[in-house]
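Notes to accompany the following structure.
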């Protein structure tokens with residue numbers, strides 16, 4: 024079972040915590056359906072001419088996947104939409120005047136918008152502009168304080184960089200590497216804000232209308248906003264699958280049996296409570312027919328958007344893919360000087376040490392994230408000396424997007440590969456990385472040459488402070504390090520055999536190293552120096568305590584922005600592995616509550632805790648989100664509303680998560696259920712019973 028976040032209930036963000044499996048990337052596209060087909064008349068569909076007018080919005084980040092509407096005249100369902108010479112990732116024909124699309128990746132700057140069809144097409148120059156920076160999240164409260172990550176493409180972020188939203192500076196700016204920085208959004212005015220990053224003496228990067236301020240709550244990510252609660256609380260209840268407001272949902276502030284602040288939502292799923300006694304922290308509970316019960320505890324915010332889950336399968340949303348999702352990249356692997364003609368010698372790879380060893384290169388792409396992995400290599404290149412040969416051709420499959428191409432060079436010995444899988448006997452010694460590669464769906468990109476010029480001769484020392492203790496039986500029983508060279512918007516190059524799976528007996532994936540027993544210190548050898556094509560990158564890593572096979576329970580710490588190997592990386596602030604105190608797996612709960620503890624010495628306080636209950640067939644029953652300090656959670660009693668939960672005297676699955684993020688709990692967003700926002704996380708699950 025993959026260790027990163029492998030519980031079935033966490034398969035997607037819409038279900039719970041969307042942590043990806045360790046060996047799979049997590050790609051999340053837009054889920055909102057922003058247009059309808061109701062504003063074009065029948066006469067419009069028969070209008071004369073064929074032309075493309077504009078895109079709305081007319082800009083988006085370099086990595087693509089911006090949801091946009093293309094407007095024009097004379098469109099047909101069989102037409103293809105292209106931007107910047109690349110086929111869009113997805114498109115949906117609405118009528119003769121509109122397509123809904125997901126943009127392909129593109130080079131920063133203006134791009135031509137085309138509508139192609141057999142026999143000809145139409146285009147409009149500079150109709151869409153690709154921004155060199157992307158924001159995660161792209162929206163937040165007017166009160167400010169939203170933790171934001173800016174990812175660049177071809178940027179030169181450096182210490183001293185100043186980020187402004189409509190002229191107001193971001194606070195707490197941390198530059199992780201030349202293509203990624205973080206900070207906290209300033210207060211703003213409802214609507215779109217221009218974003219500008221100024222690196223003194225280097226460059227200024229701008230993205231118009233790249234961040235959106237909301238007055239009540241983020242309609243796309245839900246959660247809390249608006250600053251401290253001071254007499255008025257706005258609550259919106261949405262169906263998590265459809266993002267539609269749920270009319271008639273029951274909402275209560277405090278104890279549903281005694282509070283005066285209770286009622287049902289209007290046709291849009293909204294309800295507002297007012298009173299001098301409405302000050303934080305408070306607890307809010309909501310439920311609706313054919314939905315779970317959801318509650319937020321100990322929060323202090325003026326606006327709350329609650330997502331309710333339902334057993335009903337979610338509908339398909341957004342434009343469908345165009346039918347071709349993968350891309351192909353071709354080029355040559357070169358050794359020697361990248362500006363010269365290369366070398367017939369693979370000098371960075373030592374000579375074979377046994378009669379069966381040979382020099383070999385594998386080519387793949389960068390992983391999308393620390394927890395993800397690239398597509399495996401299509402083939403390998405074996406070395407035979409030829410004084411006339413200076414380059415070796417390769418072909419690699421890749422996901423559409425902004426990425427880097429990675430060549431791993433080393434020694435392969437079939438004698439150490441008894442299964443003949445062409446990976447178990449490989450030991451890497453050098454790496455080459457081609458940067459700034461952009462590919463669209465179905466694109467066959469050529470001329471991407473990779474210069475192998477970075478030896479894998481650096482080492483990184485890691486020291487753990489108060490890591491989670493081991494526990495015989497349930498676990499954790501082992502500690503595992505995972506790391507790589509972070510290239511910002513172009514992905515990550517895992518340490519070790521990037522792109523190749525580890526030998527099955529290891530139970531590891533690329534980039535991972537197992538600590539020796541309970542030793543809190545580890546030296547990771549054979550990593551690339553941050554030099555040449557990796558000079559503007561940084562190291563990203565995670566250290567986790569896991570049960571056997573990498574399954575829960577586990578506790579993981581994530582560290583980024585490491586740029587030096589001259590001193591040890593000290594990793595602390597581990598979260599305790601959750602332990603069920605009430606109910607326990609061997610006893611019935613003492614009442615309508617869950618109580619969670621933790622195993623010392625790890626004792627950091629998380630930003631928030633997430634508890635979920637599922638019935639015997641896996642349907643969601645309750646989801647409770649609390650501040651990190653709260654370990655005893657009372658389940659609001661809704662019996663007066665005819666809602667009986669949790670299931671009585673039946674096997675019930677209880678899943679508990681502790682999660683640390685950069686932002687304050689009172690600015691919680693459902694986006695935080697995605698692992699890209701996590702600095703530490705811990706989880707376990709149990710089968711329990713309630714009276």
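Residue numbers (my numbering): 24 to 714. Every residue, glycine too, gets a C-beta built ideally from N, C-alpha and C.
Quiz item: Within 8 Å (strictly less), CB to CB, does residue 538 reach chain D?
Solution: This model lacks chain D altogether; it includes just one protein chain.
- Message: Within a Cβ cutoff of 6 Å, which residues of the same chain sit near residue 66, ignoring the five residues on either side of it in sequence?
- Response: Taking the chain shown and counting its residues from 1, the one referred to as residue 66 is at position 43. At residue 66, the pLDDT of 31 sits below 50, so the modelled position is not reliable; the number obtained from the coordinates is stated separately. Excluding positions up to five away in sequence, the list is empty.
- Task: Kindly indicate which residue of 381, 307, 426 has the alpha-carbon position closest to the one of residue 452.
- Result: For the purposes of this step, residue 452 is taken as residue 429 along the chain shown, with counting starting at 1. The option with the nearest alpha carbon to residue 452 is 381.
request  = Starting from the C-beta of residue 188, find all residues in its chain whose C-beta is less than 7 Å away, skip the five residues before and the five after it, and write them out in chain order.
outcome  = Position 165 of the chain shown, counting from 1, holds the residue named residue 188. So the qualifying residues of the chain are 208, 209, 211, 216, 218, 234.
| How would you label residue 109, buried or exposed, when you count the other beta carbons within 10 angstroms and need 16 or more for buried? | Taking the chain shown and counting its residues from 1, the one referred to as residue 109 is at position 86. By the neighbour-count rule (16 or more Cβ atoms within 10 Å), residue 109 is buried.
Fill in: Segment contact flag, the segment 198 to 208 with the segment 135 to 142, C-beta cutoff 8 Å, min 3 pairs
no
Which runs of the beta strand (DSSP E) fall wholly inside the segment 101 to 183 and span at least 3 residues, in chain order? 103 to 106, 113 to 118, 121 to 125, 132 to 140, 143 to 154, 156 to 159, 162 to 164, 170 to 175
- Item | Per-residue burial, residue 639 [other beta carbons within 10 Å of its own, 16 or more giving buried] | Taking the first residue of the chain shown as position 1, residue 639 is located at position 616. With fewer than 16 Cβ atoms within 10 Å of its Cβ, residue 639 is classed as exposed.
field: Sequence-distant residues of the same chain with beta carbon closer than 7 Å to residue 48, five excluded per side
entry: Here the question's residue 48 lines up with position 25 in the chain shown. For residue 48, the predicted structure reports a pLDDT of 31, less than 50, and the residue's modelled location is therefore unreliable. A value from the coordinates is still provided. 390, 391, 392, 395, 396.
Is residue 156 closer than 8 Å to residue 253 when the C-beta atoms are compared? The residue given as residue 253 occupies position 230 in the chain shown. The residue given as residue 156 occupies position 133 in the chain shown. The answer is no: Cβ separation not under 8 Å.
**OP:** Quick one: residues in its chain with C-beta nearer than 7 Å to the C-beta of residue 409, no 5 flanking neighbours on either side, listed in chain order?
**Re:** Numbered from 1 along the chain shown, position 386 holds the residue referred to as residue 409. Excluding positions up to five away in sequence, the list reads 367.
Inset, instruction - Using the Cα positions of residue 618 and residue 654, report the straight-line distance between them to the nearest angstrom. - result: If you number the chain shown from 1, residue 618 lands on position 595. If you number the chain shown from 1, residue 654 lands on position 631. Spanning the two alpha carbons is a distance of roughly 6 Å.
Write down every uninterrupted run of the beta strand (DSSP E) in the segment 282 to 349 whose length is 3 residues or greater and which is fully enclosed by it, in chain order.
285 to 287, 293 to 302, 305 to 310, 316 to 322, 326 to 331
- Task: Give me the Cα-Cα distance between residue 64 and residue 708, rounded to the nearest whole angstrom.
- Result: By 1-based counting over the chain shown, the position of residue 64 is 41. By 1-based counting over the chain shown, the position of residue 708 is 685. For residue 64, the predicted structure reports a pLDDT of 31, less than 50, and the residue's modelled location is therefore unreliable. A value from the coordinates is still provided. The straight-line gap from Cα to Cα measures roughly 54 Å.
- With C-beta atoms as the reference, is residue 350 less than 8 Å away from residue 402? Indexing the chain shown from 1 puts residue 350 at position 327. Indexing the chain shown from 1 puts residue 402 at position 379. Going by C-beta atoms, residue 350 is not nearer than 8 Å to residue 402.
* To do: On a CA-only basis, which of 622, 512, 92, 561 is nearest residue 120? Give me that one, please.
  => The sequence position of residue 120 within the chain shown is 97, counting from 1. Closest by alpha carbon: 92.
Practice task
Could you say which of 484, 584, 623 lies nearest to residue 490 if we only look at CA atoms?
Solution key: Locating residue 490 in the chain shown gives position 467, counting from the first residue. That would be 623, whose Cα lies nearest to the Cα of residue 490.
Note to self: Taking only three categories from DSSP, how would you classify residue 511?
What the structure shows: Stepping through the chain shown from its first residue, residue 511 is reached at position 488. Of the three classes helix, strand and coil, the one that applies to residue 511 here is helix, per DSSP.
Checklist entry - If we call anything under 8 Å between Cβ atoms a contact, is residue 75 one with residue 147? => result Numbered from its first residue, the chain shown carries residue 75 at position 52. Numbered from its first residue, the chain shown carries residue 147 at position 124. Taking 8 Å as the Cβ cut-off, residue 75 and residue 147 qualify as a contacting pair.
**OP:** Compute the beta-carbon to beta-carbon distance between residue 316 and residue 308, rounded to the nearest angstrom, for a pair I have assumed lies under 8 Å.
**Re:** As a position in the chain shown, residue 316 is number 293, starting the count at 1. As a position in the chain shown, residue 308 is number 285, starting the count at 1. The pair is a contact, with the Cβ atoms about 7 Å apart (cut-off 8 Å).
Residue 694 versus residue 701 - alpha carbon distance: Against the chain shown, residue 694 aligns to sequence position 671. Against the chain shown, residue 701 aligns to sequence position 678. Answer to the nearest angstrom: the Cα atoms are 10 Å apart.
* Taking the alpha-carbon positions, what's the residue 373 to residue 518 distance? -> Taking the first residue of the chain shown as 1, we reach residue 373 at position 350. Taking the first residue of the chain shown as 1, we reach residue 518 at position 495. Roughly 19 Å separates the two Cα atoms.
**Message:** Given a cut-off of 8 Å on the beta-carbon distance, is the pair residue 319 and residue 256 in contact?
**Reply:** For the purposes of this step, residue 319 is identified with residue 296 of the chain shown, where counting begins at 1. For the purposes of this step, residue 256 is identified with residue 233 of the chain shown, where counting begins at 1. The answer is no: Cβ separation not under 8 Å.
query: When you compare only the Cα positions, how much space is there between residue 648 and residue 658?
result: Numbered from 1 along the chain shown, position 625 holds the residue referred to as residue 648. Numbered from 1 along the chain shown, position 635 holds the residue referred to as residue 658. Roughly 11 Å between the two C-alpha positions.
field: C-beta atoms of residue 356 and residue 429 nearer than 8 Å
entry: Here residue 356 is taken as the residue at index 333 of the chain shown, counted from 1. Here residue 429 is taken as the residue at index 406 of the chain shown, counted from 1. Cβ atoms of residue 356 and residue 429: not closer than 8 Å.
Fill in: Contact under 8 Å by Cβ, residue 171 with residue 584
As a first step, residue 171 is located in the chain shown; it is residue number 148 there, counting from the start. As a first step, residue 584 is located in the chain shown; it is residue number 561 there, counting from the start. No.
Next on the checklist: Measuring straight from C-alpha to C-alpha, what distance separates residue 601 and residue 263?
Outcome noted: The residue labelled residue 601 in the question sits at position 578 within the chain shown. The residue labelled residue 263 in the question sits at position 240 within the chain shown. One C-alpha to the other measures close to 27 Å.
Test item: CB-CB of residue 176 and residue 425 under 8 Å | Counted from its first residue, the chain shown places residue 176 at position 153. Counted from its first residue, the chain shown places residue 425 at position 402. Yes.
Could you give the C-beta distance for residue 598 and residue 558, rounded to a whole number, given that I count them as a contact under 8 Å?
Residue numbering aside, residue 598 sits at position 575 when the chain shown is read from its first letter. Residue numbering aside, residue 558 sits at position 535 when the chain shown is read from its first letter. The pair is not a contact, with the Cβ atoms about 34 Å apart (cut-off 8 Å).
Worksheet entry | Identity of the residues DSSP links to residue 501 by a beta bridge | Position 478 of the chain shown, counted from the start, is the residue given in the question as residue 501. 569.
Query - Close-in-space but distant-in-sequence residues of the same chain around residue 59 (CB under 7 Å, 5 per side omitted) - result: Looking up residue 59 in the chain shown gives position 36. With a pLDDT of 30 at residue 59, under the threshold of 50, the modelled position of that residue is not reliable, and the figure given next carries that caveat. For residue 59, where only same-chain residues beyond five positions count, there are no Cβ hits under 7 Å.
message = Measuring straight from C-alpha to C-alpha, what distance separates residue 477 and residue 555?
response = Counting from one through the chain shown, the residue named residue 477 turns up at place 454. Counting from one through the chain shown, the residue named residue 555 turns up at place 532. Those two C-alpha atoms are separated by around 7 Å.
Let me check understanding here. Comparing Cα to Cα, which of 378, 413, 488, 495 lies closest to residue 439?
By 1-based counting over the chain shown, the position of residue 439 is 416. Here the closest residue by C-alpha is 378.
_Using a Cβ-Cβ cutoff of less than 6 Å, which residues in the same chain neighbour residue 536 once the five nearest sequence positions on both sides are dropped?_
One-based indexing of the chain shown puts residue 536 at position 513. Cβ within range, chain order: 504, 547.
task = Tell me, to the nearest whole angstrom, how far the beta carbon of residue 596 is from that of residue 703; I am working on the premise that it is less than 8 Å.
result = By one-based count along the chain shown, residue 596 stands at place 573. By one-based count along the chain shown, residue 703 stands at place 680. About 6 Å; that satisfies the 8 Å criterion.
request  = Measuring alpha carbon to alpha carbon, tell me which of 89, 529, 258 ends up nearest residue 572.
outcome  = Numbered from 1 along the chain shown, position 549 holds the residue referred to as residue 572. The shortest Cα separation from residue 572 among 89, 529, 258 belongs to 529.
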